[in-house]
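If you're matching positions, the sequence shown starts at 8 in our numbering and goes up one per residue.
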Amino acid sequence: MAKRNLAVVTGASSGIGLELARLAAEHAYDLVIAADEDLAVVADELRGTGSEVVTVVADLATVDGVDRLCEAVRDRGRVPDLLMANAGHGLGHAFFDQRFEEWRHVIDTNITGTIYLIQKLGPDMCGQGSGRILITGSIAGFMPGTFQAVYNGTKAFIDSFSFALRNEIKDSGVTVTCLMPGPTETNFFRRADLMDTKVGQQEKDDAAYVARVGFDAMMRGEGDVVAGWKNKLQATIANVTPASVLAEQHRRMAEPGSGKP
Ligand SMILES: NC(=O)c1ccc[n+]([C@@H]2O[C@H](COP(=O)([O-])OP(=O)(O)OC[C@H]3O[C@@H](n4cnc5c(N)ncnc54)[C@H](OP(=O)(O)O)[C@@H]3O)[C@@H](O)[C@H]2O)c1
Numbered sequence: 008m009a010k011r012n013l014a015v016v017t018g019a020s021s022g023i024g025l026e027l028a029r030l031a032a033e034h035a036y037d038l039v040i041a042a043d044e045d046l047a048v049v050a051d052e053l054r055g056t057g058s059e060v061v062t063v064v065a066d067l068a069t070v071d072g073v074d075r076l077c078e079a080v081r082d083r084g085r086v087p088d089l090l091m092a093n094a095g096h097g098l099g100h101a102f103f104d105q106r107f108e109e110w111r112h113v114i115d116t117n118i119t120g121t122i123y124l125i126q127k128l129g130p131d132m133c134g135q136g137s138g139r140i141l142i143t144g145s146i147a148g149f150m151p152g153t154f155q156a157v158y159n160g161t162k163a164f165i166d167s168f169s170f171a172l173r174n175e176i177k178d179s180g181v182t183v184t185c186l187m188p189g190p191t192e193t194n195f196f197r198r199a200d201l202m203d204t205k206v207g208q209q210e211k212d213d214a215a216y217v218a219r220v221g222f223d224a225m226m227r228g229e230g231d232v233v234a235g236w237k238n239k240l241q242a243t244i245a246n247v248t249p250a251s252v253l254a255e256q257h258r259r260m261a262e263p264g265s266g267k268p
């Protein structure tokens, strides 16, 4: 029997990553999925579509965690056809109130772990001469994130990095797509302790919809995609708005107590 193609999805235990994994399974990919909590239930569900599923429970903020994920891929003697580097998390509150270990974990997950993973698996994909990389950035990368300063900075990095890597490997047969969601209904806001903020309380996009927009753009090999017309408008306006104004707008969205929990 012919081998099925392989998709690697990080942050597949919930939210956008879970939906990306579901889409890959629907498209008949085998899967290596990773998160830092148990993935047994998710894996059982995905196997129901006929996909082979390998789980890796690892802290992807660490070199060891990313190495273990890459070993799980290589142990199968496979090069990924799809690499969806999606794992990430936020951190609300004023920077001076955040602990070093907390904000460092945001940087280590969203930036270091993400690009280390891509650097470890991407060259084999280029060697194979085909493949798709999807990185979950954010429209948060367009604006200074008052009361989520470190997180927005990590997403500005990812949004930028994604386009640079895309250009570097443009002749390889592998494309890089940056998915830039706006506020999306997932565990993100609870985990980042943003539930008492306006953005934490506002109506949000559906994670399955956001994932589909990203998945489709990745399959088409597009450079970036902002999910939803309101977010597209916000991203366009952000491009021509002074950073100080954006920072003040972000304060209104993310200041602790700005929304009713
Ligand atoms: N929700 C939004 O409004 C929004 C908007 C723009 C961009 N994003 C981005 O979308 C991506 C997915 O987030 P989400 O909204 O779907 O939130 P989510 O439901 O909290 O999912 C985050 C996923 O990432 C995993 N993860 C986080 N840190 C990890 C680490 N150090 N090691 C391993 N796994 C880790 C989580 O695993 P565990 O559950 O096992 O911890 C979970 O599977 C993130 O990169 C986020 O920054 C979200």
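Beta carbons are placed, not taken as given, at the ideal position from N, Cα and C, and that holds for glycine.
Bear in mind that the values here come from a model prediction, so they are computed numbers and not experimental data.
Are the beta-carbon atoms of residue i and residue j separated by less than 9 angstroms?
i: PHE164; j: ASN246; result: no
i: CYS133; j: SER179; result: yes
i: LEU128; j: ALA224; result: no
i: GLN7; j: ALA199; result: Outside the shown range of the chain, which is 8 to 268, sits residue 7, and nothing can be said about it.
i: GLY97; j: LEU30; result: no
i: VAL183; j: GLY230; result: yes
i: LEU25; j: ALA214; result: yes
i: PRO249; j: ASP212; result: no
Would residue i be called buried (16 or more neighbouring beta carbons within 10 Å of its own) or exposed?
i: SER274; result: Summary: the structure shown does not reach residue 274, with the chain confined to residues 8 through 268, and so no result is reported for it.
i: ASP82; result: exposed
i: GLY152; result: buried
i: PHE103; result: exposed
i: PRO190; result: buried
i: VAL181; result: buried
i: SER145; result: buried
i: LEU240; result: exposed
i: ARG139; result: buried
i: SER169; result: buried
With distances taken Cα to Cα, identify the nearest neighbour of residue i among the options.
i: GLY228; options: GLU262, GLU108, LEU186, ALA261; result: LEU186
i: GLU210; options: ILE142, MET260, VAL80; result: MET260
i: GLY72; options: THR191, ALA50, GLU26, THR17; result: THR17
i: VAL49; options: ALA19, CYS133, LYS205; result: ALA19
i: GLN208; options: HIS34, LYS267, ALA31, LEU76; result: LYS267
i: HIS100; options: ALA242, LEU253, PHE196; result: PHE196
i: VAL80; options: VAL15, SER169, ILE146, HIS257; result: VAL15
i: SER137; options: PRO87, TYR158, ALA250, ASP213; result: PRO87
i: ALA6; options: GLY55, HIS96, PRO130, GLY235; result: Residue 6 is absent from the model: the chain starts at 8 and stops at 268.
i: GLU108; options: GLY84, THR69, SER145, CYS77; result: THR69
i: SER21; options: ALA224, VAL183, ASN194; result: ASN194
i: ALA254; options: GLY235, LEU240, GLY160; result: GLY160
i: GLY264; options: LYS205, VAL252, ALA250, ALA242; result: LYS205
i: TRP110; options: THR143, TYR158, ASP74; result: TYR158
i: GLY84; options: ASP51, LEU53, HIS112, LYS10; result: LYS10
i: GLU33; options: GLU262, ALA47, LEU53, GLU44; result: LEU53
Taking only beta-carbon atoms, is residue i less than 9 angstroms away from chain C?
i: THR193; result: The structure shown contains no chain C; it is built from a single protein chain.
Evaluate the contact criterion for the stretch 57-67 versus the stretch 38-48: three or more CB pairs, one atom per stretch, below 8 angstroms.
Touching, yes, given that three or more Cβ pairs across the two stretches are closer than 8 angstroms.
Per the contact definition of three or more C-beta pairs closer than 8 angstroms, is the stretch 106-120 in contact with the stretch 213-232?
No, the stretch 213-232 is not in contact with the stretch 106-120.
For a minimum of 4 consecutive residues, which ranges assigned as the alpha helix (DSSP H) are wholly contained in the stretch 61-116?
Taken in chain order, the complete alpha helix (DSSP H) segments of 4 or more residues contained in the stretch 61-116 are 70-82, 107-114.
Pairing CB atoms from the stretch 81-96 with CB atoms from the stretch 121-134, are three or more of them under 8 angstroms?
The stretch 81-96, when compared against the stretch 121-134, does touch it at the 8 angstroms Cβ threshold.
Return the chain-ordered ranges of every alpha helix (DSSP H) run that is complete within the stretch 135-159 and spans a minimum of 4 residues.
Restricting attention to alpha helix (DSSP H) runs no shorter than 4 residues, the stretch 135-159 encloses none.
Which full runs of the alpha helix (DSSP H) of 4+ residues lie inside the stretch 21-63, going along the chain?
If we require 4 residues or more, the alpha helix (DSSP H) runs fully inside the stretch 21-63 come out as 22-33, 47-54.
Could you pull out every unbroken beta strand (DSSP E) segment of at least 3 residues lying fully inside the stretch 218-243, listed in chain order?
When DSSP assignments are scanned along the stretch 218-243, the uninterrupted stretches of beta strand (DSSP E) that are 3 or more residues long and fall wholly within it turn out to be 231-233.
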